[in-house]
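Per this note's numbering, the sequence shown starts with residue 59, numbered consecutively. Even glycine gets a Cβ: it sits at the ideal position worked out from N, Cα and C. All figures in this text were calculated on a predicted structure; none of them were measured in a lab.
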Amino acid sequence: MSAASPSAAQPSRAVSELNLILLGPPGAGKGTQADRLRDDFNLPYIATGDMLREQVKQGTELGNSAKEYMDRGDLVPDEVIIGMILDCVNGGNCADGFLLDGFPRSVGQAEALDDALGKLDRKLTAVLLIEVPDEDIVKRISGRRLCTEDPNHIYHVDAHPPKKDGVCDIDDAQLVQRDDDKPELVQNRLDVYHSQTSPLIPFYDERGLLRRFDGTRSPTEVHDHIRATVATLRLEDQL
Ligand SMILES: [Zn+2]
Numbered sequence: 059m060s061a062a063s064p065s066a067a068q069p070s071r072a073v074s075e076l077n078l079i080l081l082g083p084p085g086a087g088k089g090t091q092a093d094r095l096r097d098d099f100n101l102p103y104i105a106t107g108d109m110l111r112e113q114v115k116q117g118t119e120l121g122n123s124a125k126e127y128m129d130r131g132d133l134v135p136d137e138v139i140i141g142m143i144l145d146c147v148n149g150g151n152c153a154d155g156f157l158l159d160g161f162p163r164s165v166g167q168a169e170a171l172d173d174a175l176g177k178l179d180r181k182l183t184a185v186l187l188i189e190v191p192d193e194d195i196v197k198r199i200s201g202r203r204l205c206t207e208d209p210n211h212i213y214h215v216d217a218h219p220p221k222k223d224g225v226c227d228i229d230d231a232q233l234v235q236r237d238d239d240k241p242e243l244v245q246n247r248l249d250v251y252h253s254q255t256s257p258l259i260p261f262y263d264e265r266g267l268l269r270r271f272d273g274t275r276s277p278t279e280v281h282d283h284i285r286a287t288v289a290t291l292r293l294e295d296q297l
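Here it is as structure tokens:
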């Protein structure tokens, strides 16, 4: 801190950090919201699943370590994932904050992440929870149909049906439902979310970090609400 008092023309200090976690069930629209928030606030998006695949592909030290577990069919230990997150956070582009998705998925992982961030003298600013009831998630995911020619041609039986049942509008190829999108499997993923991940909701709520968003609204409405909340967080932090 310099002795001179900050003038109005000058920020009182460097831009405050926005260290954010995105939380919510599979199919809640976290990826869509992350894309938009990344643009709004210029925050690096750390999607731990993608990060893991990327580091394994590049053969980094942590990637190789993770691969050993994956090749044996074991879960990658929390320390390895946290190591990757810390590498990102320590990297220059996370100086103003980050948007973390896919980790933590349990209270144990949340505690480990808190400790690790604390050693870097950083802490979470907020946890953004996108809430969607199970029955809506099952409808959303199990209604998806993908083109067998080009998986970028995506339809939804209710929200975005093809002109002709089961046929792609663009190339007339057949549309299929991915196995992962079948209702039983979606419900399995939701059950795992409820048993392992949803205890994070009271955990972060007790710490005053939780912000809730109604994920049944349109992506634009959800985004407007999140953006306003995050902008307020940054403002509060600067006061
Ligand atoms: Zn197609």
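- Any heavy atom of ligand 1 counts here; residues with a Cβ closer than 6 Å to one of them, in chain order, are Cys205, Glu207, Asp208, His211, Cys226, Ile228, Asp229, Ala231.
- For Asp159, DSSP records a beta bridge to Leu80, Ala105.
- With a beta-carbon spacing of about 5 Å, Leu187 and Arg270 fall inside the 8 Å limit used to define contacts.
- DSSP places Val288 in the helix class (H, G or I) of the three-state scheme.
- Within the stretch 199 to 262, the runs of alpha helix (DSSP H) that reach at least 4 residues and sit entirely inside it are, in chain order, 241 to 250.
- For Asp272, the enclosing beta strand (DSSP E) has its first and last residue at 268 to 272.
- Counting of Cβ neighbours within 10 angstroms places Asn148 among the exposed residues, the total staying below 16.
- Just so you know, the alpha carbons of Ile212 and Arg94 end up roughly 20 Å apart.
- For Ala124, the secondary structure class from DSSP, reduced to helix, strand or coil, is helix.
- Per DSSP, the continuous alpha helix (DSSP H) segment holding Leu175 begins and ends at 165 to 177.
- Using a 10 angstroms sphere on the CB of Val185, the tally of other CB atoms reaches 16 or more, which defines it as buried.
- Around Gly155, the same chain offers Glu75, Leu76, Asn77, Leu101 as residues with beta carbons nearer than 6 Å, after the five sequence neighbours per side are excluded.
- Note that the C-beta distance between Pro241 and Ser200 is below 7 Å.
- Going by C-alpha positions, Lys221 is about 6 Å away from Asp227.
- Shortest Cα-Cα distance from Phe261 to any of Gln116, Val165, Val138 involves Val165.
- Between Phe99 and Gly266, the alpha-carbon positions lie close to 22 Å from each other.
- Listed in chain order, the non-local C-beta contacts of Leu133 below 8 Å within the same chain comprise Tyr127, local neighbours out to five positions each way being set aside.
- Asp159 counts as buried, since no fewer than 16 other beta carbons sit within 10 angstroms of its beta carbon.
- With respect to Gln235, Arg198 sits apart: the two C-beta atoms are not nearer than 7 Å.
- Judged by DSSP secondary structure, Ala184 falls within the beta strand (DSSP E) whose first and last residues are 184 to 189.
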